[in-house]
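S.K.: Quick one: the structure is below, questions incoming.
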Amino acid sequence: MKRIIMFILVSIILVGCSIERESPEEREKLKAKEQETIEQTDGLEEGYEVEEVIELTAQEQMLEDITDLFADDLAFDTGSYVKGDIPKGEYAFVTFEGSGQYYSEKDAGGNIIDNENFDSFGYVEVHEAGNIETSGVLVKVDALDELEVSGAKELYETLNNTEEYMDSGWYKVGVDIDPGEYVIESFGDGYVAVMTGPVGNNEIINNENFNGRYSVNVQEGQYLVISRGTISN
C-alpha cells in the first residue's frame, strides 16, 4: 500500500514540475490530471483495500488438487461406497491427519474380498464387486501424475507435511523405493513381507515376523510391506 501511495505522490510532483514548461492549454490538461491523481490518492488513504493474495502451503495445495479429482472419479474421499461408485483399478490409499487406517471391499453377499489396516500409505485393487469402506483417501494410480507425485509415499509425505518417510507402509518398488536390499529395524515385534501386488490382488513371495533387524531383497514391481519397523538403509 505504501509503495502505491508513494508512486502516486511522485507522479504528482512530476506533473507539477511539467506545468511550468507547458502552454496554457497543456497546463490545463496537466492540472486536470493532477487533480485526478490527488483524488485517487485520497481514495487509497480513505480505506481502499488491496486484495491480499494468500499463498497455500504444499499440504493445502495438495488437498485442493485431490478435491479437484473427485469430480472426475479419479480420487475418492473417506467414506462408504456401493458397487459401481469406485471404478475398477489400482488406487493409492493414504492416511492423513484426522483420517483412519482401514480399507475393505465386500462382495454382493457381504463377504470380505479384501481388507487392510494401513499404518500410513499403501495400494489397493478395487474389484467393483460390492460395498467399499475406506477411512483414508483413494487416488487412482494413473492420476498421481496430475498431482505431480511419483507414488503413495510422496503423496503421504505431502499430505502429512513430512519428508523422507521410511517407516511402516506398503512401498511399491520402483516407485516409492528403488529395487535392492534393505535392512529393516523393528519397533519391538516387527513384520515384513514382499508381495506381488496391491491389497486385493497379490501373493506373498516371502514374509517374516522378527524382533531386531531383518534384511530383504526386492525387485521392480514388487511391494514391500513393513509393520512396526523402519527402513534403516
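Residue numbering for the sequence shown follows this note's numbering, starting at 114 and increasing by one per position. For each residue, glycine too, the CB sits at the ideal point set by N, CA and C.
1) Suppose only complete runs of 4+ residues qualify. What are the alpha helix (DSSP H) ranges in the stretch 234 to 273, listed by chain order?
2) Per the DSSP calculation, Arg341 is bridged to which residue(s)?
3) Spatial neighbours of Thr309 within its chain, please: CB distance less than 7 Å, with the 5 preceding and 5 following residues excluded, ordered by chain position.
4) Verify whether the separation of the beta carbon atoms of Lys253 and Tyr204 is less than 7 Å.
5) Comparing alpha-carbon positions, which option in Tyr304, Leu187 and Gly303 lies nearest Asp255?
6) Determine, using beta carbons only, whether Tyr284 and Leu337 come nearer to each other than 7 Å.
7) Looking at Gly264 and Val237, is the spacing between their C-beta atoms short of 7 Å?
8) Would you kindly work out how many angstroms separate the C-alpha atoms of Phe206 and Glu321, rounded to a whole number?
9) Assuming Val305 and Gly342 make a contact with CB atoms under 8 Å, what is their CB distance in whole Å?
10) Is the stretch 264 to 276 touching the stretch 221 to 228 in the sense that three or more CB pairs, one from each, lie closer than 8 Å?
11) To the nearest angstrom, how far is the alpha carbon of Glu165 from that of Glu261?
M.R.: In short:
1) 265 to 272
2) Answer is none; Arg341 lacks a bridge partner.
3) Asn315, Glu316, Ile318 and Gln335
4) yes
5) Leu187
6) yes
7) no
8) 23 Å
9) 7 Å
10) no
11) 27 Å
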